[in-house]
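With the sequence shown counted from 1, adding 2 to any position gets you this note's numbering.
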Amino acid sequence: DNVLVEPETYEKTTGVKFVFGASQGILTQPGTGITRDCTAICRQTPTCAAFTVDYENSRCQSYNMDSSGHRNSLHDKIGSNYFEKICLRGVSNLNSMCGDRLWAFERVVGAFLEDFDDREERNVQTKTECEKLCLFESSFTCRSAEFDESLSVCRLSREDRRSQPAAFRRQPGSTIDYLENQCVRSLPDCRYNVRQGSAVISMDELQFAASQGECEALCDQARGFTCRAFTYAVEEKRCYLSGDDSTSLNNAPLVIKRDAVYAEKQCSISQCEDGLFTFEKVTGHFLRSAQQVGLAMAASPGVTLECGARCLEAGSDCPAFTLDYNSMKCFKLDRNTQGRGSELSPREGTKLL
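Next comes the structure, spelled out in structure tokens:
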């Protein structure tokens, strides 16, 4: 019962339904995004151990048991996502780690990332313990983990199924679960692949937007989850945001929707294998959509060189930096101009690299 006072979050499994234990409907609201409300209702209900969202009917169903010991009760179902409460005992700073995230992990049953293990821990008894190890890993950024239930082994990786898509393996029937950390910073180099006449399968949030560009900005700024795709319905001026993409949906066919634009985010880490990172300079401009954080500097003479060195040290956390000549300060940005050329605006006395 002390689960209630411990830090509690969710783990999401895409494209499955749960067929075990007693269930009851907790919310039906056609034509709206109900994911956030369902997480809130389940959190306030002690008997709710898990719930599914049926996106087609905007309905969620709660369960009094979760899938522990019942992995075989998770059955594939396109248009349904399964959310399981996870209690992270001993994690006192969950809010500072995960902020407003509605779910901290995404799970793929019977899957793993091959050949990218950075750390292996044995005698790990539960999937939640493995997730905690990933959250607390300090020697590298743990983007994903896998838990082998039969061997009690937890493997942590600085890669995930999007940074290393060729290494991602689905092995139905195996005892391994792939667990992806949603509390780490998103990959910095992103662009949107756009197609006409399609809609997202899992609408997690619905907003109004005056344009496709505004809808894209809402997707970039979503705080409750990593927004991976959106649909912009031109006539209705509606913006449908989704935490799923073709990777998590395992290439399930999209919903057909006339007069709509579907856009899916494609992100990567610029690893620049065996190469040399360098910078490209844009004088007198800044990037409107980027969030900036000050870089600690020793001296102002030769500030450009020192900023560049600090940015390189920060690795993928610093895809670009900007230099303000008036204050002789520099700031690392959370994104670069790749796929965002239209967001460059003129500003005197600044330089973007």
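Idealized CB from N, CA, C, for every residue including glycine.
Judged by beta-carbon spacing, residue 220 lies within the 7 Å limit of residue 241, meaning their Cβ atoms are closer than that value.
Looking at the DSSP output, residue 77 shares a beta bridge with 19. Nearest neighbour of residue 90 by Cα position, chosen from 10, 115, 21, 45, turns out to be 10. The alpha helix (DSSP H) runs lying completely inside the segment 56–126 and spanning 4 residues or more are 96–100, given in chain order. Counted as a single uninterrupted DSSP element, the alpha helix (DSSP H) harbouring residue 312 occupies residues 305–315.
Under the DSSP assignment, residue 37 falls in the alpha helix (DSSP H) whose first and last residues are 37–45.
Cβ atoms of residue 65 and residue 20 come within 8 Å of each other, at about 6 Å.
A residue is called buried when at least 16 other Cβ atoms come within 10 angstroms of its Cβ; residue 205 meets this threshold and is buried. If you ignore the 5 residues before and after residue 122, its C-beta comes within less than 7 Å of the C-beta of 155, 157, all in its own chain and listed in chain order. In this structure, residue 35 sits away from residue 189, with a CB-CB distance that is not shorter than 7 Å. Secondary structure in the segment 219–263: the beta strand (DSSP E) runs of 3 residues or longer, each lying completely within the stretch, are 231–235, 240–244 in chain order. Shown here, residue 288 sits in a strand according to DSSP, grouped into three states. In this structure, residue 216 keeps its C-beta atom at 7 Å or more from the C-beta atom of residue 247. For residue 207, there is no enclosing alpha helix (DSSP H); the residue is found in the beta strand (DSSP E) stretching over 207–210. Residues of the same chain with a CB within less than 7 Å of the CB of residue 104, apart from the 5 flanking positions on each side, are 12, 37, 38, 41, 226, 227 in chain order. For the pair of segments examined, the segment 159–176 was found not to touch the segment 124–132: the number of CB pairs separated by less than 8 Å stays below three.
The segment 45–54 makes no contact with the segment 173–182: fewer than 3 CB pairs, one atom from each, lie closer than 8 Å. Per DSSP, the continuous alpha helix (DSSP H) segment holding residue 134 begins and ends at 129–138.
For a cut-off of 8 Å, the C-beta gap from residue 336 to residue 292 is around 6 Å, short enough to register as a contact.
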